[in-house]
Amino acid sequence: MHIKSLVFLVVLSLALGSRAYAHAVITHTTLQKTPPAAHQPAQVSLFFNSDIETSLSTIELVSKGDLKQPVQFRLGQKRGEILVELPPLPPGEYALQYKVFAADGHLTEDIIRFSIKE
57 MHIKSLVFLV
67 VLSLALGSRA
77 YAHAVITHTT
87 LQKTPPAAHQ
97 PAQVSLFFNS
107 DIETSLSTIE
117 LVSKGDLKQP
127 VQFRLGQKRG
137 EILVELPPLP
147 PGEYALQYKV
157 FAADGHLTED
167 IIRFSIKE
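Next up, the structure:
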């Protein structure tokens with residue numbers, strides 16, 4: 057009986073441990089369905105698989121020539137949602153480069169590419 061309990065606890069800790077220490081991963085964005093319009097400010101939602109510590113995170117807009125500028129962002133109403141404010145942009149290729157801290161303290165860095173058409 058004692059061995060069964062021990063095995064159960066080991067399996068449970070492995071299962072919960074992998075979830076508790078997972079990195080924040082984007083599950084989807086609003087860029088997929090509704091890309092920003094040219095020359096207009098836009099709000100983009102990024103949806104992560106975990107809560108994000110916004111005070112420890114950064115998001116930058118990357119444009120032609122690898123020019124980077126920080127953008128404003130905040131928590132959205134849904135779990136794991138981050139709302140990103142984009143300035144008016146001309147048509148072209150862009151990216152959002154992010155470094156986000158998940159609620160468990162793990163850092164995730166990645167880039168999301170998108171286009172703005174006329």
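Counting from 57, one number per residue, gives the positions in the sequence shown under my numbering.
Glycine included, each C-beta is placed from N, C-alpha and C at the ideal position.
(message) Am I right that V140 and I115 are in contact with their C-beta atoms under 8 Å? What's the rounded C-beta distance?
(response) 6 Å
(request) Look at the alpha carbon of M168 and the alpha carbon of L152, and state the distance between them as a whole number of angstroms. (result) It is Ile, not Met, that sits at residue 168 in the sequence shown. Roughly 5 Å separates the two Cα atoms.
(message) How far does the beta strand (DSSP E) with S106 in it extend, from its first residue to its last?
(response) Premise fails: S106 is in no beta strand (DSSP E) and is neither H nor E.
(request) Within 10 angstroms of the Cβ of G121, are there 16 or more other Cβ atoms? Answer buried if so, exposed if not. (result) G121 comes out exposed.
(request) Apply the 10 Å Cβ neighbour rule to L142 and answer buried if 16 or more other Cβ atoms are within range, or exposed otherwise. (result) buried
(request) State the CB to CB distance for the pair L131 and T110, rounded to an integer number of angstroms; the pair is presumed to be in contact (CB under 8 Å). (result) 6 Å
(message) What would DSSP say about F170, mapped onto helix, strand or coil?
(response) Secondary structure at F170: strand, using DSSP grouped into helix, strand and coil.
(request) Return the Cβ separation of Q125 and L117 in integer angstroms, given the expectation that the two are a contact with Cβ distance under 8 Å. (result) Between L117 and Q125 the Cβ distance is about 5 Å, and since that is below 8 Å, they are a contact.
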